[in-house]
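Enquirer: One structure, pasted below without further comment.
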Amino acid sequence: MAERFFTIGMAGHIDHGKTSLTKALTNIDTDRLKEEKERNISIELRYAPLKLNEDFEVSIIDVPGHERFIRQMVAGVADINSSYL
Ligand SMILES: Nc1nc2c(ncn2[C@@H]2O[C@H](COP(=O)(O)OP(=O)(O)OP(=O)(O)O)[C@@H](O)[C@H]2O)c(=O)[nH]1
Ligand SMILES: [Mg+2]
């Protein structure tokens, strides 16, 4: 089991490549809904694990950027520990 865990909140402006960056890092497509595919937009928050080595794991939270889905965005980022900021 890894000894160090980090969380990355992939939050930001709509269409700025959050989901693309998540996919590039983890090979996980966090836009899985049919509507997300059709509109090329994130609607739900999703998690993508990234195990870097035996001791070091990252959990990426990819959240929507469109203001209409701000509740999903807040739900995703609200629990991120900000004490290191
Ligand atoms: N040219 C260019 N296009 C990019 C880049 N990153 C993403 N895109 C394109 O921009 C579009 C939106 O990318 P997404 O990764 O879905 O953007 P997002 O920030 O997750 O969008 P929302 O979750 O809807 O806020 C897609 O068509 C991507 O192919 C980049 O670095 N360069
Ligand atoms: Mg997205």
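Per the numbering used here, the very first residue in the sequence shown carries number 19; after that it's consecutive.
Ideal Cβ placement from N, Cα and C applies to all residues, glycine included.
If you measure from each residue's Cβ to the nearest non-hydrogen atom of ligand 1, which ones come out under 6 Å, in chain order?
Expert: I32, D33, H34, G35, K36, T37, S38, N58, I59, S60, P82, G83, H84
Enquirer: Going by beta-carbon coordinates alone, are I98 and P82 separated by less than 8 Å?
Expert: no
Enquirer: Short check: CB of I26 to CB of H84, under 8 Å?
Expert: no
Enquirer: In angstroms with no decimal places, state the Cα-to-Cα distance between G94 and F24.
Expert: 15 Å
Enquirer: When we look at the beta-carbon of D73 and count the other beta-carbons within 10 Å, is it buried (16 or more) or exposed?
Expert: exposed
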